[in-house]
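Everything below concerns the one structure shown next.
There are 2 protein chains.
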Amino acid sequence: MNEAPGRHEPADATTVKPSMRDALVGAAFQLFLERGYEETTVDDIVALASVGRRSFFRYFPSKEDVVFPDHERCLADMTAFLAEEAGAEDPVRRVCDAARLVLRMYAENPTFSVQRYRLTKKVPGLRAYELSVVWRYERALAEYLRGRSAGARADTLSADVVAAAVVAAHNNALRSWLRSDGTGDAEAAVDRALGYVQNTFGPLPAAPVPTEPEDVVVVVSRRGAPMWRVVQEIESAFARG
Amino acid sequence: MNEAPGRHEPADATTVKPSMRDALVGAAFQLFLERGYEETTVDDIVALASVGRRSFFRYFPSKEDVVFPDHERCLADMTAFLAEEAGAEDPVRRVCDAARLVLRMYAENPTFSVQRYRLTKKVPGLRAYELSVVWRYERALAEYLRGRSAGARADTLSADVVAAAVVAAHNNALRSWLRSDGTGDAEAAVDRALGYVQNTFGPLPAAPVPTEPEDVVVVVSRRGAPMWRVVQEIESAFARG
């Protein structure tokens, strides 16, 4: 959508000359924090960044878009990553890896991400904008999963459910990192959250190639034991194997 | 949020005298279909319904709200249903049952639901509105699941993931029913979709009370068998028991 030039520039403005686009984002956030989002106009932003109104709209269709300057790039990166395709790879693992691209975008710039998180919580219009971005990520993952399946009715169901689970797990970890003001290890938290989804939906962790084809694992479970215990036992059995 | 009087009235306007609220919804949809959503003003709607502007805004905060007249009631019903609480019931089953309330609202009036579905697909603002409603349903389910768990970090993760999975499964079935123009058995489709989520996350189907506490089930699985096969074996073993 936003085909603005410069959207592939590195986000770390300390090592490169900030582009006009970066200058607009910086000016916008300075004003949003000082005056509030609603109280800041596009005219205020362009005045502070010393550029014209038309330059603003060349980069951002609206004031809302300047709050989320990197999502279009990230969506494009995610789509490209999923299109690359490693045929043999487990599709659930693949969509988990795709979700990690979003985390990386947030983690690249913790201060900015935390500021935006606080702003988004306060402004309903930004919350709605964010929900539609999240929806687009979820659709990208679901489309990929549908493509990897046989296309039967059941497969659109599991594709939608797995995509939603991946997004929910990712966002659970991301939000908890943002609430901690960007301290802590975001990648570890997301790995843990996505691990839960992979354990739930994905195939078992790759077991060593069996030396005999008829190699078996025996699970003995008390009747009525909760499913997570049964799964845990199976996983331990495989780990021991 | 929308505390308008009359929001608890039965939706079936053929058996009761239509309220002013119903008349406004009817007039609005007649105009949206004839002229388009963007081209219809609140003034057009109140003129057709022969009521004043203030009456409109007594029932609906904005033109968008008249498109989704029953979601506030349904959200309230869902919250009340979850608050009732059957302590011993499996929480995953409970949130699946809560999601069925949403389906019932759509299925009560297929023609209206299909018209709205088509309208929502065409108007980005309505799509955004719908996403925030869906988000509120998902939060209601997740809050309930968090409350049913011990409150540990891991439990907010599974609560968020299960809530997202329930919503995605429900919406997969709902959308497919809406795309079929409201023909077919919506309840059966949603039962199937939610059954998938319950099988994935819920406890095993209630087994007969074991006659001996140490009653066991033995599953023998070829190493490397996919998890769904293992789970299927366990379920068959319980069914045989």
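Residue numbers (numbering that gives the first Met the number 0), protein chains in the order written: chain A, 0 to 240; chain B, 0 to 240.
From the three backbone atoms N, C-alpha and C, an ideal C-beta is built for every residue, glycine too.
Reduced DSSP category for residue i - H, G, I as helix; E, B as strand; rest coil
i, result
"residue 131 (chain B)", "helix"
"residue 36 (chain A)", "coil"
"residue 108 (chain A)", "coil"
"residue 164 (chain A)", "helix"
"residue 182 (chain B)", "coil"
"residue 45 (chain A)", "helix"
"residue 158 (chain B)", "helix"
"residue 89 (chain A)", "coil"
"residue 51 (chain B)", "coil"
"residue 69 (chain B)", "coil"
"residue 124 (chain A)", "helix"
"residue 148 (chain A)", "coil"
"residue 213 (chain B)", "Unreliable positioning characterises residue 213 (chain B) in this predicted model, as indicated by a pLDDT of 42, which lies under 50. The coordinate reading is nonetheless provided below. Coil, per DSSP."
"residue 25 (chain A)", "helix"
"residue 18 (chain B)", "coil"
"residue 175 (chain A)", "helix"
"residue 80 (chain A)", "helix"
"residue 56 (chain A)", "helix"
"residue 194 (chain B)", "helix"
"residue 115 (chain B)", "helix"
"residue 205 (chain A)", "Interpretation of residue 205 (chain A) is limited by its pLDDT of 46, a score under 50 that renders its predicted location unreliable; the figure taken from the coordinates is listed afterwards. Residue 205 (chain A): coil per DSSP, three-state reduction."
Through-space distance from residue j to residue i, alpha-carbon basis
i, j, result
"residue 116 (chain B)", "residue 185 (chain A)", "38 Å"
"residue 198 (chain A)", "residue 19 (chain B)", "52 Å"
"residue 28 (chain A)", "residue 73 (chain B)", "38 Å"
"residue 35 (chain A)", "residue 144 (chain B)", "35 Å"
"residue 200 (chain A)", "residue 90 (chain A)", "10 Å"
"residue 100 (chain A)", "residue 142 (chain B)", "28 Å"
"residue 83 (chain B)", "residue 30 (chain A)", "47 Å"
"residue 105 (chain B)", "residue 109 (chain A)", "42 Å"
"residue 162 (chain B)", "residue 170 (chain B)", "12 Å"
"residue 134 (chain A)", "residue 167 (chain A)", "11 Å"
"residue 102 (chain B)", "residue 127 (chain B)", "20 Å"
"residue 187 (chain A)", "residue 23 (chain A)", "32 Å"
"residue 111 (chain A)", "residue 50 (chain B)", "49 Å"
"residue 92 (chain A)", "residue 165 (chain A)", "10 Å"
"residue 96 (chain B)", "residue 42 (chain A)", "50 Å"
"residue 26 (chain B)", "residue 88 (chain B)", "43 Å"
"residue 79 (chain A)", "residue 70 (chain A)", "14 Å"
"residue 119 (chain A)", "residue 183 (chain A)", "21 Å"
"residue 44 (chain B)", "residue 54 (chain B)", "11 Å"
"residue 132 (chain B)", "residue 146 (chain B)", "21 Å"
"residue 62 (chain B)", "residue 202 (chain A)", "48 Å"
"residue 180 (chain A)", "residue 46 (chain B)", "52 Å"
"residue 123 (chain B)", "residue 57 (chain A)", "22 Å"
"residue 190 (chain B)", "residue 138 (chain B)", "21 Å"
"residue 38 (chain B)", "residue 32 (chain B)", "10 Å"
"residue 195 (chain B)", "residue 159 (chain B)", "17 Å"
"residue 81 (chain A)", "residue 75 (chain A)", "10 Å"
"residue 67 (chain B)", "residue 129 (chain B)", "8 Å"
"residue 77 (chain A)", "residue 140 (chain A)", "9 Å"
Residues of the region 156-170 of chain A with Cβ closer than 8 Å to any Cβ of chain B, in chain order: 156, 157, 159, 160, 162, 163, 164, 166, 167, 168, 170
Residues, ordered as in the chain, of the region 129-140 of chain A that lie near chain B by beta-carbon distance below 7 Å: 130, 131, 134
Residues from the region 80-113 of chain B in contact with chain A, defined by Cβ distance under 9 Å: none
Contact list for the region 181-200 of chain B against chain A, Cβ threshold 9 Å: 191, 192, 195, 196, 199, 200
Residues of the region 69-80 of chain B with Cβ closer than 9 Å to any Cβ of chain A, in chain order: none
Within 8 Å of chain B by C-beta, residues of the region 37-51 of chain A in sequence order: Per Cβ criterion, the list is empty.
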